[in-house]
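Notes follow the structure.
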Amino acid sequence: MLRYYIKTYFYHGIILFLLAIICAIFLFAPYQFSLIMEIWPVFFVGIMGAIIANTSGTGGGVVFIPVFNILANKEILILAPAQIVAASFFIQCFGMTMGANRWTWRLLHEPNSRRTNMGQDATIGVYAKIIFLVLPLSLPIMLITQRFNLFDAPTILLLFKSFSIIFGLALIITTWTINNNRPERIRLEKIDLLILPLIGIFGGFITALFSVGVGELMAIYLFIRHFPVIYCAGAACVVSSISVLSGTIYHIEMGNVPWDVVLLAGPGAAIGGYVARPIALWLGAKRLKTADGFWIMGSSLYLIYLNIR
21 MLRYYIKTYF
31 YHGIILFLLA
41 IICAIFLFAP
51 YQFSLIMEIW
61 PVFFVGIMGA
71 IIANTSGTGG
81 GVVFIPVFNI
91 LANKEILILA
101 PAQIVAASFF
111 IQCFGMTMGA
121 NRWTWRLLHE
131 PNSRRTNMGQ
141 DATIGVYAKI
151 IFLVLPLSLP
161 IMLITQRFNL
171 FDAPTILLLF
181 KSFSIIFGLA
191 LIITTWTINN
201 NRPERIRLEK
211 IDLLILPLIG
221 IFGGFITALF
231 SVGVGELMAI
241 YLFIRHFPVI
251 YCAGAACVVS
261 SISVLSGTIY
271 HIEMGNVPWD
281 VVLLAGPGAA
291 IGGYVARPIA
301 LWLGAKRLKT
311 ADGFWIMGSS
321 LYLIYLNIR
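Residue numbers for the sequence shown follow our numbering, beginning at 21 and rising by one.
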């Protein structure tokens, strides 16, 4: 019965939910129409960031940083670090939620999408288990860290992105070596039952500080373990979506949200999240993993550079 309900109503309900949020922001949030007219390219950056994030489940928010730097240099829009994190949370609400919706819909509705490279079927049961191994730990840790953050964010970012470079390189190497001709995994093993909750703990902490972390770590780990793309990207998008939707409450309470940016980039991110899945499937698992590895390393190096210069 639950499966029928999800298949029939949930997909369109999520889309209507996102439309309702956009309308509510437009009608009730404080923003300046004149500023929106000046920063209109942010809409297209939202599309690009969401495509990157939802094809692989890893963070695409880094594409906003040079745009925000340009706007700040021109004195058009100057955002504090807390406002940038708040904007990222809200933008991901649109992009990752749409992406999660699309990946889950495909797993439920399109049998061919469940085929691994050995002709076996990925299942909704394993997909759900991956999510529930991570989310019950990552979500409360994220919410607690938001309220009681006593850590030095730049140092944490440096450590996180340093690990991301190592993982990105490992992803590329394993894709073209040990995983090159191996069958994709469709079942979780004991090591996965141990590592995924640990990712939830560490990822929840990182997500509270930077709005990304748990989904990126999930996707990288599952890619390296050679699970099907629909598990890697889809499950990461679901966990990221629920995390950022929950995390926005704190930023609304703190008054951190730059609604002008959200009103532009949010709808763009929803569009990007919608088109990301077919792009990922067109790329294929090997090219997607390779591109994802290079993106993770490149974006991490860029953020480290900004952090230490």
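Beta carbons: idealized from backbone N, C-alpha and C, even for Gly.
In the displayed model, His271 falls within a helix according to three-state DSSP. Just measuring C-alpha positions, the residue of Ile328, Gly313, Leu265 and Pro160 sitting nearest Phe225 is Pro160. Pro160 carries a helical assignment under DSSP once its states are collapsed to helix, strand and coil. The C-alpha of Ala311 is placed about 21 Å away from the C-alpha of Tyr325. In this chain, the alpha helix (DSSP H) harbouring Pro86 covers Phe84 to Asn93. Residue nearest to Leu323 within the set Thr175, Arg245 and Val264 is Thr175 (criterion: CA-CA distance). In this structure Ile96 does not touch Ile71 by the C-beta definition: roughly 25 Å separates them, more than the 8 Å allowed. Distances from the CA of Leu242 to each of Asn89, Leu38, Ala148 and Cys252 were compared; the closest alpha carbon is that of Cys252. One Cα belongs to Leu265, the other to Tyr51, and the distance between them is close to 21 Å. About 4 Å separates the Cβ atoms of His271 and Ala106, confirming a contact at the 8 Å cut-off. As the crow flies, the alpha-carbon of Ser158 is around 5 Å from that of Ile221.
A straight line joining the alpha-carbon of Met118 with that of Leu218 spans about 26 Å. Beyond the five residues adjoining it in sequence on each side, Phe63 comes within less than 8 Å, by CB distance, of Leu284, Ala285, Pro287 and Gly288 in the same chain, given in chain order. Under a 10 Å Cβ-count criterion, Leu38 is classified as buried, with 16 or more other Cβ atoms of the shown protein chains found around its own Cβ.
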